[in-house]
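Undergrad: One structure coming up, written as structure tokens, with questions to follow.
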Amino acid sequence: MFEVLPQLAPDPILGLSAAYREDNNPDKIDLGVGVYKDEQGNTPILTSVAKAQKILLERETSKTYITPQGHQGYIDNMLALLLGDKSPVLMADRVAGVQAPGGCGALRILSELLVRCNDNAKVWVSDPTWANHIPLIGSAGLKIETYPYFDKDTASIRFDAMMEALKKVEKGDIVLLHGCCHNPTGADLTNAQWDAVLDIAKEREFLPFLDVAYLGFGDGLEDDAYGVRLLAENLPEVIIAASCSKNFGLYRERVGLAAIITEDSKTRQIAQGQIQSVARGIYSMPPSYGGALVDIILSDTSLRKEWESEVNAMRNRMQTLRAMLVEKLEENGADKDFSFVNQQKGMFSFLCITPEQVREMRDKHSVYFVDSSRVNIAGINQQNVGTLAKALVSVL
Ligand code: LMR
């Protein structure tokens with residue numbers, strides 16, 4: 017039966033890890049998949065998470081099913097983190113939410129829900145966007161369109177072109193926006209630009225679909241929520257897919273959240289039932305473990321503080337790595353100005369080089385990153401930055 021299927025090329029992001037593992041060069045550098053790494057190249061378990069694991073081990077008395085929506089404490093804590101403790105939409109009982117298997121799971125079930133609402137709906141995604149957005153959303157049956165977002169020549173956001181495109185979006189269409197730390201470019205909207213997006217969302221009556229996978233990695237946990245909170249508080253409907261993979265370092269536990277802000281409390285109940293039924297039709301209920309850990313951390317004042325400082329430390333280190341790379345490139349005589357890397361936010365930067373140059377980096381220098389020129393900044397360290405800068409200068 018399966019011979020009728022075509023052999024697929026490796027995944028553009030996950031495939032890089034396999035290629036990296038097979039490379040025998042001792043100086044190989046992995047800037048592919050978006051995982052945080054420390055100076056030694058490890059992705060350690062956060063201390064706050066390790067403590068929560070101990071608590072959970074003591075506390076958990078059963079492995080029976082959890083409820084279809086997941087841990088309610090996790091959902092409540094995550095909604096407060098994203099929307100603010102005193103969020104008016106939470107006070108008004110306008111937010112439906114379920115724990116989802118990772119940010120991907122959240123994106124997918126929200127997409128399935130959108131199909132239930134309107135199977136002709138179009139989702140507008142930024143050009144470029146995270147490579148997996150298109151299969152995740154498209155496989156649910158939604159049509160995908162793109163709006164201009166990033167100019168490789170100037171390494172900046174094409175905001176005017178983006179606004180022009182959003183002016184053509186029809187009522188009922190969906191616009192996918194990255195809440196912060198845009199993946200793959202690292203180029204984020206300013207607060208003033210978010211304000212302008214809000215105005216156009218009101219005017220065109222489109223539904224914002226916010227993907228929030230890197231909260232805390234840009235300017236901090238509060239500052240990074242500006243766009244999310246602005247849209248949530250000022251529009252009748254917004255949907256949010258959030259992930260705890262990066263900021264809690266819970267990648268393999270698959271912890272995400274799908275949230276739906278509805279016009280009123282009655283519609284919230286409808287949305288809650290529908291999103292749970294979508295999940296039931298795919299995986300029934302989410303895995304318990306990761307959500308239980310996040311709930312423990314966010315509910316405990318001292319663990320929460322510890323987690324916040326771990327997020328701050330990861331962010332600060334990535335900012336230092338950006339500066340280090342830019343400096344090393346200058347030192348090595350790069351004839352391209354890479355100072356834009358310092359302005360970009362979060363885990364990724366677009367180096368704005370060609371796919372041929374990216375492949376040359378891989379084939380000749382064993383430096384692995386996505387063809388789009390997206391690098392995982394957290395993969396840089398004191399040991400490899402010199403080799404990286406030299407290789408990059410040589411392919412320019
Ligand atoms: C990434 O963008 O590298 C991560 O979100 C991992 C993934 O699933 O692609």
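Convert by adding 16 to the 1-based position in the sequence shown; the result is the number in my numbering. Using N, Cα and C, we set each Cβ at its ideal position, and we do this for glycine too.
#1: With distances taken from CA atoms, which of A112, A287, D379 and V65 is nearest C133?
#2: Going straight from the alpha carbon of E346 to that of A407, what length do you get?
#3: Which residue comes first and which comes last in the beta strand (DSSP E) that contains A258?
#4: Whose CA, out of L412, T403 and N397, lies closest to the CA of K53?
#5: If V20 and Q292 are in contact, beta carbons under 8 Å, what's the gap, nearest whole angstrom?
#6: From what residue to what residue does the beta strand (DSSP E) around E38 run?
#7: Assess, as a yes-or-no matter, whether the stretch 157 to 174 is touched by the stretch 334 to 342 under the definition of 3 or more beta carbon pairs within less than 8 Å.
#8: Near D143, which residues of its chain fall below 7 Å by C-beta distance, leaving aside the five closest residues on each side in sequence?
#9: Quick check on G297: does DSSP put it in helix, strand or coil?
#10: Assuming N348 and I45 make a contact with CB atoms under 8 Å, what is their CB distance in whole Å?
#11: By Cβ distance, which residues of its chain are closer than 8 Å to D311, with the 5 residues on each side in sequence left out?
#12: Name the one or two DSSP bridge partners that N392 has.
#13: Drop a sphere of 10 angstroms on the beta-carbon of T201, count the other beta-carbons inside from all chains shown, and report buried for 16 or more, exposed for fewer.
#14: Tell me the rounded alpha-carbon separation between Q209 and E38.
#15: Under 8 Å between the Cβ atoms of G154 and M363?
#16: If contacts are defined as beta-carbon pairs under 8 Å, then I35 and L319 qualify, I think. What distance do you get, rounded to the angstrom?
#17: Name the one or two DSSP bridge partners that W323 has.
#18: With a 10 Å radius around its C-beta and 16 neighbouring C-beta atoms as the bar for buried, classify S388 as buried or exposed.
#19: With DSSP collapsed to three states, give me the class of D240.
#20: Ordered along the chain, which non-local residues of its own chain (more than five positions away) have a Cβ less than 7 Å from that of N358?
#21: Look up G154 in the DSSP assignment and say whether it is helix, strand or coil.
#22: Would you say G31 touches ligand 1, meaning its beta carbon is less than 7 Å from a heavy atom?
#23: List the whole-angstrom C-beta distance separating F385 from G48, where the pair is believed to meet the contact cut-off of C-beta under 8 Å.
#24: Would you say the beta carbon of V49 comes nearer than 7 Å to a heavy atom of ligand 1?
#25: Mind checking whether the beta-carbon of N148 lies closer than 7 Å to any heavy atom of ligand 1?
#26: Consider the C-beta atom of N58 and the heavy atoms of ligand 1; say whether any pair is separated by less than 7 Å.
#27: Nearest to D101 by CA position, among R245, L126 and H381, is which residue?
TA: This is what the structure gives:
#1: A287
#2: 13 Å
#3: V254 to S259
#4: N397
#5: The Cβ separation is near 35 Å, so there is no contact.
#6: Segment L30 to E38 is the alpha helix (DSSP H) holding E38; no beta strand (DSSP E) there.
#7: no
#8: T162, Y163, P164 and Y165
#9: helix
#10: About 15 Å separates the two Cβ atoms, so there is no contact after all.
#11: H87, G89, Y90 and N93
#12: F364
#13: buried
#14: 43 Å
#15: no
#16: The sequence shown places Ala at residue 35, rather than the Ile named in the question. Their Cβ separation, rounded to whole angstroms, is 38 Å, which puts A35 and L319 out of contact at 8 Å.
#17: DSSP, once it has assigned bridges, lists no residue as partnering W323.
#18: buried
#19: helix
#20: R338, A339 and V342
#21: helix
#22: no
#23: 6 Å
#24: yes
#25: yes
#26: no
#27: R245
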